[in-house]
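There are 2 protein chains.
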Amino acid sequence: MNSTVQFRCGTRLLIMGTNAREHGHPAEHVGDAGDAAGATARRGPAGARAERKREAIITAARALFLRDGFDVSVDQIAAEAGVSKVTVYNHFGSKQALFVEVVKDAMDAPLGDTLVGAVDGLAEGDDLRTAITDAARAWVRRIRSDPDVLALRNLVAREAHRVPELHAVWRESGPQLHHPAASGALAELAATGRLTIPDPEVAVLQLYALLVFPHLVFSAYGTELDDALAERLTTTGVDMFLAYYAPEPP
Amino acid sequence: MNSTVQFRCGTRLLIMGTNAREHGHPAEHVGDAGDAAGATARRGPAGARAERKREAIITAARALFLRDGFDVSVDQIAAEAGVSKVTVYNHFGSKQALFVEVVKDAMDAPLGDTLVGAVDGLAEGDDLRTAITDAARAWVRRIRSDPDVLALRNLVAREAHRVPELHAVWRESGPQLHHPAASGALAELAATGRLTIPDPEVAVLQLYALLVFPHLVFSAYGTELDDALAERLTTTGVDMFLAYYAPEPP
DNA sequence: ACGCACATGAACTCAACAGTTCAGTTCAGG
DNA sequence: CCTGAACTGAACTGTTGAGTTCATGTGCGT
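One line per chain: the protein sequences are X and W, in this order. Oh and the first sequence: position 43 is 43 in full-length UniProt numbering, straight run, nothing missing. Oh and the second sequence: position 20 is 20 in full-length UniProt numbering, straight run, nothing missing.
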């Protein structure tokens with residue numbers, strides 16, 4: 001919508017598996033007016049031990065939720081976390097709240113930044129096709145190689161109807177975060193005259209559509225595109241995009 | 001993969017809502033060797049009354065499953081169908097089996113045929129862009145206007161992990177059915193020289209990606225693209241596709 | 001009009017699971 | 001080392017929902 005907003009909000013890479021995550025303050029998102037005031041509203045136990053427990057719970061819950069969906073029992077999560085069920089409830093209040101917390105925590109935008117990086121570091125004379133293809137390749141690889149990224153998206157998609165709050169979380173951390181990034185990158189290319197983009201909103205969608213949506217869609221139904229096809233899809237996709245939006249062929 | 005297979009397999013339009021469906025033989029799919037032999041394997045009650053009941057159950061179950069997912073209780077379904085719960089079990093054996101049956105029944109390929117139709121009725125001199133755009137528009141409209149089409153896809157995506165048999169059903173009735181259709185249409189256009197398609201597999205995916213995947217993806221997360229955007233997406237998508245695959249601009 | 005397969009409904013079993021209670025234990029911080 | 005907040009384990013409540021049983025109708029086919 002509006003231009004010149006801050007991109008590059010969350011470059012926190014979402015490594016997962018190894019729990020080497022700094023974990024700042026979990027609920028320190030951007031907007032959310034009405035949260036800065038109370039501050040003590042419904043925060044769980046405090047202290048060093050509590051922090052450890054909390055993290056253990058989130059880690060275990062993330063793993064189990066990603067694997068089995070919302071249907072895992074709280075007992076399982078507690079067991080996996082090496083923690084009493086009561087502790088889970090002391091910390092999060094309800095299963096839903098825990099779920100939302102897990103998704104919030106895991107949902108940092110790993111997409112789109114790649115493109116921004118590629119475009120930012122693009123000198124005047126560099127080959128646009130190569131740059132974008134590389135970025136796209138990295139982007140797709142990230143999606144495909146880290147099963148958790150797709151698993152998380154599918155999880156949110158699957159359970160959104162059961163946990164309505166997910167909608168909000170998703171909108172805030174998903175599209176709203178990296179959509180402006182990619183959008184801004186395209187705008188930058190348009191501004192410097194390397195692309196001609198009459199309808200930026202459509203162009204961004206098409207970029208997604210050509211490069212990542214196939215993976216999202218197929219993974220949603222449990223199948224997976226093989227490496228060779230993914231590669232052809234990426235290069236041809238960028239080709240097609242540039243053929244349409246670049247003023248003249250290089 | 002192989003060319004010159006039969007397209008136009010299932011042109012049974014999936015109207016829904018009005019239950020004016022002829023309902024032939026529900027399990028009369030194409031391949032499925034090992035089904036023609038036994039024939040009496042696990043078929044439920046027979047007779048006129050039974051058939052009525054069975055249909056009522058499927059209709060009710062479809063409505064409820066599409067609305068609320070797999071979580072509706074069998075009692076609800078029975079009530080909605082005006083039928084005893086025992087009858088449901090007499091007919092289908094288990095909730096899962098009923099679910100699979102419902103999906104099988106509802107899953108006819110409404111996609112792709114449009115394209116085939118447009119291409120088939122294309123005279124030598126006709127404008128390709130207009131024809132494909134019209135087909136695409138109809139296609140997208142069908143997806144967007146009939147909530148059940150998307151609901152069904154989302155349902156399958158959501159519950160596939162709980163009902164593994166869905167994978168098979170999906171593969172048989174989904175991609176495997178209309179993918180060849182669209183694929184064949186493209187092949188036909190390539191054969192008559194109106195398009196130049198080096199990598200047909202990729203081209204089909206790109207056609208899907210540009211035209212329908214955005215709708216699938218966004219609907220999976222509960223949002224919806226507005227009409228104007230959908231229209232721009234369609235026309236620009238076809239444009240882009242043709243710009244890349246048509247030998248020379250008309 | 002007769003009989004039997006099919007349908008009913010109401011009560012029942014069984015299991016799982018969210019969330020709670022509580023008496024007792026652990027650990028971090030002062 | 002002492003105190004209290006935080007944790008534990010285990011038992012408990014309450015609900016929900018799948019699938020079953022059975023005694024009693026009801027309608028289709030002949």
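Yeah, the Cβ is synthetic: ideal placement off N, Cα and C, and Gly gets one too. Predicted model, so just to flag it, every value in this text is computed and none were measured.
Once the 5 residues before and after residue i are set aside, which same chain residues still bring their CB inside 8 Å of it?
i         : result
X:Asp-32  : Its pLDDT being 35, under 50, X:Asp-32 is placed unreliably by the model, and nothing is read from it.
W:Ile-57  : Ile-77, Ala-78, Ala-81, Val-83, Thr-87, Val-88, His-91, Phe-92, Leu-98
X:Glu-231 : Arg-137
W:Ala-36  : With a pLDDT of 37 at W:Ala-36, under the threshold of 50, the modelled position of this residue cannot be trusted, and the question is left open.
X:Val-102 : Ile-58, Ala-61, Arg-62, Phe-65
W:Ala-190 : Thr-196, Ile-197, Pro-200
X:Ala-228 : none
W:Val-100 : Val-163, Glu-165, Leu-166, Val-169
X:Ser-145 : none
X:Ala-50  : Gly-44, His-91
Skipping 5 residues on each side, what residues in its chain have a beta carbon closer than 6 Å to that of residue i?
i                      : result
X:Ala-118              : Ala-131, Ala-135
X:Ala-60               : Ile-77, Glu-80, Ala-81
W:Ala-106              : Arg-62, Leu-152
X:Leu-166              : Val-156, Ala-160
W:Arg-129              : Leu-242
W:Glu-22               : Because W:Glu-22 sits at a pLDDT of 33, beneath the cut-off of 50, its placement in the model cannot be relied upon, and the following sentence gives the value as read from the coordinates. Cβ within range, chain order: n/a, list empty.
X:Ser-173              : Met-107
residue 321 of chain X : Nothing can be reported for residue 321 of chain X: it is not among the residues displayed for chain X, which extend from 1 to 250.
List the residues of chain X that residue i touches, going by C-beta distances under 7 Å, in chain order.
i         : result
W:Trp-170 : Tyr-221
W:Gly-69  : His-161
W:Val-217 : Phe-213, Leu-216, Val-217
In chain order, what residues of the same chain have a beta carbon less than 7 Å from the beta carbon of residue i, not counting five sequence neighbours either side?
i         : result
W:Thr-235 : Thr-133
W:Ile-143 : Val-149, Leu-150, Val-212, His-215
W:Lys-95  : Val-74
X:Arg-153 : Leu-216
W:Glu-188 : Val-119
X:Leu-210 : Gly-237, Met-240, Phe-241
X:Glu-224 : Phe-218
Anything in chain X within Cβ reach of residue i, meaning under 8 Å, just list it in chain order.
i         : result
W:Tyr-244 : Asp-239, Met-240, Ala-243, Tyr-244
W:His-179 : What W:His-179 touches in chain X: nothing, since even the nearest Cβ is about 12 Å away.
Could you list which residues in chain X have their beta carbon closer than 9 Å to that of residue i, in chain order?
i         : result
W:Thr-236 : Pro-198, Asp-199, Val-202, Ala-203, Gln-206, Tyr-244
W:Arg-62  : The contacting residues do not exist; W:Arg-62 stays about 17 Å from chain X at best.
W:Leu-229 : Glu-201, Val-202, Leu-205
Rounded to the nearest angstrom, how far is the Cβ of residue i from that of residue j, given a contact under 8 Å?
i         : j         : result
W:Lys-85  : W:Asp-71  : The Cβ separation is near 16 Å, so there is no contact.
X:Gly-69  : W:Gln-206 : Not quite, the Cβ-Cβ distance comes to about 31 Å (not below 8 Å), so this is no contact.
X:Arg-52  : X:Gly-44  : Wrong, their Cβ atoms sit about 13 Å apart, outside the cutoff.
W:Gly-193 : W:Val-116 : Not quite, the Cβ-Cβ distance comes to about 19 Å (not below 8 Å), so this is no contact.
W:Lys-104 : W:Val-169 : 5 Å
W:Ala-220 : X:Ala-220 : 6 Å
X:Leu-233 : W:Val-202 : 6 Å
Name, please, each residue of chain W whose Cβ falls closer than 7 Å to the Cβ of residue i.
i         : result
X:His-167 : Gly-222
X:Leu-233 : Val-202, Leu-205
X:Gly-117 : Those do not exist, as X:Gly-117 stays about 24 Å from chain W at its closest Cβ, beyond 7 Å.
Just the chain W side, please: which residues come within less than 9 Å of residue i by C-beta, in chain order?
i         : result
X:Pro-214 : Leu-205, Gln-206, Tyr-208, Ala-209, Phe-213
For a contact meaning CB atoms closer than 8 Å, what does residue i contact in chain W?
i         : result
X:Val-156 : Tyr-221
Would you call the region 143 to 159 of chain X and the region 61 to 68 of chain X touching, i.e. three or more CB-CB distances under 8 Å?
yes
Do the region 235 to 245 of chain X and the region 190 to 209 of chain X touch if we need at least three Cβ pairs shorter than 8 Å?
yes
Would you mind listing the alpha helix (DSSP H) stretches within the region 144 to 181 of chain X that are 4+ residues and don't spill past its ends, in chain order?
147 to 159, 165 to 173
Starting from the N-terminal side, write out each stretch of the alpha helix (DSSP H) that is 4 residues or longer and does not extend beyond the region 181 to 220 of chain W.
200 to 211, 213 to 220
Which runs of the alpha helix (DSSP H) at least 4 residues long sit entirely within the UniProt domain "HTH tetR-type" (51 to 110) of chain W? Give them in chain order.
74 to 81, 85 to 92, 95 to 106
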